[in-house]
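Enquirer:
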Amino acid sequence: MPDTVHPEVTWAQRSSDSDAERNYLYVNLKTPDVPKEESKLSITPNNVSFTGPSGKGVTYSVSLDLYGEIDPENSKVNHTAREVELVLRKKELKLEFWPRLLKDSKKVHFLKTDFDKWVDEDEQDEAAEDDYANNFGGFGGDEGGLSNIDFSKLGGMGGAGGMPDLSALAGAAGGAGGEEEGEEDDEDLPELEEEGGDAQKSTKIQEVS
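The sequence shown begins at 26 in the working numbering and counts up by one.
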């Protein structure tokens, strides 16, 4: 019999008291090598549950009783080779964040904050337009749009403040800047004194000018 284990679960959230499309939870179930067609995912207003066998003799199984209610019909799913990504629409429009993901306040060892997607409650308006939350297929329907993209590869695109990671661009710009600085340094170097003394240097200056 294959071992049954809890998958690692990561989560983040956004909130809004006026825009339902900006009032949701990110929940990722780390379920590598679980074929979509062999998994079972259930999303109800108060619970998310998942079971699926991997190709490595392990069955992942988890049931999450949620802190508040969600809207399953407007929640979205993206099943990749490494994880199951969920965007769960919160039912209640409310500016305040949920204090936790689960109904029970007891700490759960497999549940972690997704710091790549997390922004603080008071920094939501400063965050970039929301990622991919409203762009991939809906739960229980035809998964269109970006539903087959492995969104985990975009993790580096959002930091705690929701802004893109520009370190690579900065490095490239720094390389270009380094060449320019090198040219300027060459211009600032004093000319080598050649034989001939001051007269020859004077002639050289006149020629340059």
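Ideal Cβ placement from N, Cα and C applies to all residues, glycine included. It should be emphasised that the depicted structure is a prediction, and the values quoted were computed from it without experimental measurement.
#1: For Val52, which option in Lys81, Glu121 and Asn103 has the closest C-alpha, if you only look at C-alpha atoms?
#2: Note down the Cα distance separating Thr35 from Gly82, rounded to an integer number of angstroms.
#3: Return the residue from the list Pro60, Glu117, Glu98 and Leu50 that minimises the CA-CA distance to Gly80.
#4: Measuring CB to CB, does Lys116 end up less than 8 angstroms from Asp96?
#5: Can you tell me whether Leu114 is helix, strand or coil according to DSSP?
#6: With DSSP as the reference, label Glu239 as helix, strand or coil.
#7: Based on Cα-Cα distance, which residue from Pro78, Lys119 and Leu111 lies nearest to Asp139?
#8: Alpha carbon to alpha carbon, what distance is there between Val30 and Gly13?
#9: Mind checking which residues open and close the beta strand (DSSP E) that includes Thr138?
#10: Take Asp42 and list the residues in its own chain whose beta-carbon comes closer than 7 angstroms to its own, dropping the five residues that flank it on each side.
#11: Inspect the beta-carbon positions of Glu148 and Ser40 and report whether they are closer than 8 angstroms.
#12: Pop quiz: Asn235 and Ser88 are said to be a contact at Cβ under 8 angstroms. What is the actual Cβ separation, rounded to whole angstroms?
#13: Any idea what DSSP makes of Lys128, helix, strand or coil?
#14: Going by alpha carbons, who is nearest to Pro70 out of Tyr92, Lys55 and Thr56?
#15: Which of helix, strand or coil does DSSP assign to Ala45?
#16: What are the boundary residues of the beta strand (DSSP E) that includes Ser92?
#17: Mind checking whether Lys55 and Glu33 have CB atoms under 8 angstroms apart?
Expert: Inspection of the coordinates gives the following:
#1: Asn103
#2: 23 angstroms
#3: Pro60
#4: yes
#5: The displayed chain sequence assigns Arg, not Leu, to residue 114. Three-state DSSP puts Arg114 in a strand.
#6: Given a span of 26 to 234 for the chain in the structure shown, any question on residue 239 remains unanswerable.
#7: Leu111
#8: Here the chain covers residues 26 to 234 and nothing more, so residue 13 does not appear.
#9: Leu136 to Thr138
#10: Leu118, Lys119 and Leu120
#11: no
#12: The question about residue 235 has no answer here: the residues shown for the chain are numbered 26 through 234.
#13: coil
#14: Tyr92
#15: Helix.
#16: Just to set this straight, residue 92 is Tyr in the shown sequence, not Ser. No beta strand (DSSP E) contains Tyr92, which DSSP labels as neither H nor E.
#17: Result yes, Cβ atoms of Lys55 and Glu33 sit closer than 8 angstroms.
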